Each structure stands twice: as structure tokens, then as C-alpha cells.
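For reference, the structure is listed below as C-alpha cells.
Chains as they are written, first to last, in this note's numbering: chain A, 92 to 221; chain B, 92 to 221; chain C, 92 to 221; chain D, 92 to 221.
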């Protein structure tokens, strides 16, 4: 359970009239975090799609919002693989601002091919993500 | 458990390069659906904020994606209140395209005042939403 | 220069912490407006892409913001074709709330094929949009 | 005319089904670029709003799209002040990927106070941005 942490500066675009980040944007941060997690492991998700025609659509996502984040905050999104099946994988996320956890979440992904059929997680990917 | 249904036409903006709607957008549809649910009950959420200084931030959200939705689809988002506490409320959602359920989800909300303090659900609101 | 008008209810998502709609969202409304313009003319843009492999990427866009729009407003986006070349077309837009013009804008589009090459506007499309 | 350059990694969220970045997102990048421009000059835009109640809404925006950008690209957004009036200011932008200019644009801003009234650009800000 090695964590990887990505930082993101909150944009004006991401705020809403309550003066805080709109809730759906946390799922975008999760996307950024898992892309960078892959990259750190030597796996470029773009290459997975472009060259190997392997896709990881989201099958389920969830987020608990404990405290708001605001414009210009630097949020740190930590991510790790919390579950791994034969053709599925779950990422967990923890978002913090100045060391305080403001949200936690997860995304479950299926591994599919270009026809949308589930495929087993390829061995090399499984190995890298171990 | 009366349901309310809202229809939404999928925009190009909401798609991603996988050719389907990006997962975070479902949470935006949930927002649209609960706003219209309130409106149908005679409660305008905007008025709640503007005139009564009552806010319903999201404390938790989740979504299961069963099948994709695509550009120009008309999605129907059904919503109902699935849980009601003293100062919290849960909305459940079901998204379908052409009669097929493609996603289900929920959002849990706290009732707070303009200082961010939890408040009991006001009686008139509780009554209307009964 | 026949205009077509589309209505859109402003979502919470579209607001920012200034309490008004974030400026980039007007370009999304333009997209919605031109899709509906096409539909009214009997042209489904989705079909254009899916069946005829004709695409209309945006080559240029602009917007003047005269007054803000706010959460829950119903905005009316009027659109018309303001310029038509051999392989290019310009849409103009006017956004109003309660009869007051709050923004005007335009988008210039190229007609391209699936390899990204410019193509002449097909005769039937030209005819329909006349 | 000193330029400032900000880098941004294109997210999956920003792509659309054409496989490229959706056009409205360039305006979000412009926002990021001018925020960082201000920061480099020692001006934190957030502080301007929070402490001095000075706001810079967008009065006009435009963008020319020369070539697409794609998922996982690193885009560099260069920005500079191209025009300065007594209470208005224009930012110009140039977006490039791997050294190739893919888009240019601008945003015109009014300086307003918390009641929405135009104000002259404060001297210290004018001085800093000189």
C-alpha cells in the first residue's frame, strides 16, 4: 500500500457560489491523482489506451466531504490501490489542505479492451502495481 | 418515496475521449435532479439560500456506473429522499437512457446556516418533503 | 438570418465564488444552442459525426459579457448563422435573461473529415441551413 | 511586455469525444495563467478579493484554435498584459505544446469593487504590473 501524492492548485472555475469547491470536482482530482500514480510506477495511462487499447472506465466512485477547500488552496491528493481483483482494481484517495484531511474517496475500475469487454489485468501491469 | 424525474440532453462538453460521458458529470446531473425535485415540491433551493440562509452542502456522494451514456442522449434522472435525519437528508438517484438504468447514486446533505453550523431541518421543509 | 432560441436553467455547478456564472460556461451554452439550431433544421449533429464522418471543430470563439447571469436563472440563447464560406461557417449568439441581453458571442467552425482535412460544406447541409 | 508562462497537464476530463480538448477549457487555462502571472508579480488575486474587495470579472474573451491539444499533453500558457486603461486591462495568451503554438487568446477585465462599480486600477497594482 504505497501512496503517491499529487498537488493541485484550486482554480476559480472549480469554486461555486457557496465559496468552496463544487463537489463533483473532487472526482476530477481523483483522475489526476491516479494518472500520476501510474506515471510514477512507469505506466503512462495514455499509452495504455493508445498503444495497447486497454481502458479503465470507472465502475463506481464515492467521496466523503469533511471540510471544504477553497480558491487558490493547494490540495494534496494521496492515492493508493486498495483492492485488486482479476480484472478490477480500486483506488483510494485522501485529499488534504495544509495537512488536514478534507475528503476521502475511491474509484473502482474495470479493465476492458477496445470492444468494451472485461479483460484480466495484464501480468506486467499487475507486477508494476504490486 | 415519491420519485421525481428530470430530463437532460447530454452535451458534447460532457463527453470524454472514450466517447462516453465523463464520470464526474453524473454528480452534476444529481444536482440538477434534486433542484428540480425541490421545485416540484414548491421549494426553490435558490430562495432557501438567498432568503433563509439555509444551505445543503454535500457530505457524501456515490455513483455506480452500469452502462455508459453518450453525446445527445436524453438521460432521465429520477430522484427521491431515501433517508431523513434531524439535520441530514439523503437523496437517491437513478439515471436511465431509453428506459435502461445506466447508473445509480446518492448524495448525503447536511442542513447548515450561513456560519456553517448544522441546523435541524426546519419543520416546514420537513413537512413539504414528507 | 433566422434565429433559433434554446433555454437553459443555470446550475450551481456553473457558478463561481463571485456568485455568478463562470465565463467559460457561456461557450458551453453556445454549443447547446448550435446543436439545437441544427436539430430544428432537421440536422442532427451527432448523425453528421457518426454516419457521415463530418466534424465541425471550433476555429475561433469570442464572447462579450455585459451583465452576469446567476444560479437558477433561465437563460435564452439565440443563435443564427452570421457567415458562411465554402468550408467554414460562423454562428452568432445572444444570451438573455428575462428579456435583457447579458452576453453576445460567436464561434467559427471548419468543416473537416475524419482525417482532419477541411472539406467543402456539403450541398444538402448548405441547402438546409440556407 | 514581460511574459509569464504556466504549465498545465491536460486531464481526461478536458477531452471530448473528438479526442481533443473541448474548446471552452482554454478559457480556464487563461484563468490559471493570469492567476500565476499575478502571483509572480507578488500579487495574489485571492488576497485582492478577500482583503481589498477588488474583483476583475471578464468583460470579453476570445480564442483562436490553430491545432488541437490532447490528453496528457503538457500545455504551456504564456500571458502578458497587452493593454491597460484607467479601469480596464487586457491579458493576451499564447498556448503551446512542444514548442508549437496551438492557440492564442485574450481576456479583457474590468476592475470593480464589491458593489460591482468600476474603479480605477489602484496605483500600487498599476505599478507592480508595469
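Quick reminder that beta carbons are idealized off the backbone N, C-alpha and C, glycines included. Please read all numbers here as calculations on a predicted model, not as lab measurements.
Report the neighbours of residue 199 of chain A on chain D: residues whose CB is nearer than 7 Å to its CB, in chain order. Simply none; closest approach about 17 Å.
According to DSSP, simplified to helix, strand and coil, what is residue 215 of chain B? Looking at residue 215 of chain B - three-state DSSP - the assignment turns out to be helix.
Proximal residues to residue 127 of chain B (C-beta, below 7 Å), its chain only, five neighbours per side dropped: Here the set comprises 95, 97.
Do you know offhand how far residue 99 of chain C's Cα is from residue 146 of chain D's? About 27 Å.
Can a CB atom of chain B be found closer than 8 Å to the CB of residue 209 of chain A? No, because no Cβ of chain B sits closer than 8 Å to the Cβ of residue 209 of chain A.
When the Cβ atoms of the segment 189–208 of chain A are set against those of the segment 183–194 of chain B, are three or more pairs found closer than 8 Å? Contact between the segment 189–208 of chain A and the segment 183–194 of chain B is absent, with fewer than three C-beta pairs closer than 8 Å.
Inter-residue spacing [alpha-carbon to alpha-carbon] between residue 129 of chain B and residue 161 of chain C: Whole-angstrom Cα-Cα distance: 18 Å.
Can you check whether the C-beta of residue 127 of chain B is within less than 8 Å of a C-beta belonging to chain A? Residue 127 of chain B has a beta carbon lying at 8 Å or more from every beta carbon in chain A.
Determine which residues of the segment 148–173 of chain C have a Cβ less than 8 Å from any Cβ of chain D, and write them out in chain order. Taking 8 Å as the Cβ-Cβ cut-off, the segment 148–173 of chain C approaches chain D at 148, 149, 150, 151, 152, 153, 154, 155, 156, 159, given in chain order.
At which residues does the alpha helix (DSSP H) containing residue 119 of chain B begin and terminate? Run containing residue 119 of chain B: 116–131, per the alpha helix (DSSP H) assignment.
C-alpha distance - residue 148 of chain A paired with residue 155 of chain A, whole-angstrom precision: One C-alpha to the other measures close to 21 Å.
Does any residue of chain C have a CB that is nearer than 8 Å to the CB of residue 114 of chain D? It does: the Cβ of residue 114 of chain D has a partner Cβ on chain C nearer than 8 Å.
Can you confirm whether the segment 195–214 of chain A touches the segment 195–212 of chain C when touching is taken to mean that 3 or more C-beta pairs between the two stretches lie within less than 8 Å? Note that the segment 195–212 of chain C does not touch the segment 195–214 of chain A; fewer than 3 beta-carbon pairs, one per stretch, sit closer than 8 Å.
Enumerate in chain order the residues of its own chain whose CB-to-CB distance from residue 151 of chain D is below 6 Å, with the five nearest sequence positions on each side excluded. Its chain contains 199 as the residues whose beta carbon lies nearer than 6 Å to that of residue 151 of chain D, once the 5 sequence neighbours on both sides are disregarded; these appear in chain order.
Note down, one range per segment and in chain order, each beta strand (DSSP E) of at least 3 residues found wholly within the segment 157–211 of chain C. Annotation: the segment 157–211 of chain C contains the following complete segments of the beta strand (DSSP E) (minimum length 3 residues), in chain order: 165–175, 179–188, 191–201.
Inter-stretch contact (C-beta, 8 Å, three-pair minimum) for the segment 173–182 of chain D and the segment 168–179 of chain C: With a cut-off of 8 Å, the segment 168–179 of chain C and the segment 173–182 of chain D do not count as touching, because too few Cβ pairs lie within range.
Please classify residue 143 of chain D: does DSSP put it in a helix, a strand, or coil? In the three-state reduction of the DSSP assignment, residue 143 of chain D falls in the helix class.
Identify the contact partners of residue 104 of chain D in chain A, using a Cβ-Cβ distance below 7 Å as the criterion. Within 7 Å Cβ-Cβ: 119, 122.
Looking only at its own chain, which residues have a Cβ that is under 6 Å from the Cβ of residue 105 of chain C, when we skip the five neighbours before and after it? Closer than 6 Å at the Cβ level, and outside the excluded window around residue 105 of chain C, lie 112, 116.
Per-residue contacts from residue 137 of chain B into chain C (C-beta, under 7 Å): Ordered by position in chain C, the residues that pass the 7 Å Cβ test against residue 137 of chain B are 162, 163.
Determine whether the Cβ of residue 180 of chain A lies closer than 8 Å to any Cβ atom of chain B. Residue-level contact by beta carbon fails for residue 180 of chain A and chain B, as no gap is shorter than 8 Å.
Out of D:103, D:102, D:101, D:109, state which residue places its alpha-carbon closest to the alpha-carbon of residue 205 of chain C. If we check each option's Cα against that of residue 205 of chain C, D:109 comes out closest.
Exposure of residue 221 of chain C, with buried meaning 16 or more beta-carbon neighbours within 10 Å: Sixteen is the threshold: since fewer than 16 other Cβ atoms of the shown chains lie within 10 Å of the Cβ of residue 221 of chain C, the residue is exposed.
What are the partner residues of residue 106 of chain B, as DSSP defines its beta bridges? According to DSSP, residue 106 of chain B bridges with B:112.
Should residue 163 of chain A and residue 101 of chain A be called a contact, given that it needs their Cβ atoms to be closer than 8 Å? In this structure, residue 101 of chain A lies closer than 8 Å to residue 163 of chain A by Cβ.
Per-residue burial, residue 216 of chain D [other beta carbons within 10 Å of its own, 16 or more giving buried]: It is buried - the Cβ of residue 216 of chain D has at least 16 other Cβ atoms within 10 Å.
Whose Cβ in chain A lies nearer than 8 Å to the Cβ of residue 107 of chain C? Correct list: 103, 104, 106, 107, 108.
Between residue 137 of chain C and residue 167 of chain C, what straight-line distance do the alpha-carbon atoms span, to the nearest angstrom? So the alpha carbons of these two residues sit roughly 23 Å apart.
Neighbour-count burial assignment, residue 103 of chain C, 16 or more Cβ in a 10 Å radius: It counts as buried.
Among A:202, A:203, A:165, whose alpha-carbon lies nearest the alpha-carbon of residue 186 of chain A? Nearest C-alpha to residue 186 of chain A: A:165.
Taking 8 Å as the threshold (beta carbon to beta carbon), is residue 146 of chain A in contact with chain B? Cβ-Cβ to chain B under 8 Å: yes for residue 146 of chain A.
Euclidean distance between Cα positions of residue 157 of chain A and residue 219 of chain D: Going from the Cα of residue 157 of chain A to the Cα of residue 219 of chain D covers about 38 Å.
Neighbourhood of residue 181 of chain C by C-beta, 8 Å cutoff - its chain only, sequence neighbours within 5 removed: Contacts found: 172, 173, 174, 175, 197, 198, 199, 200.
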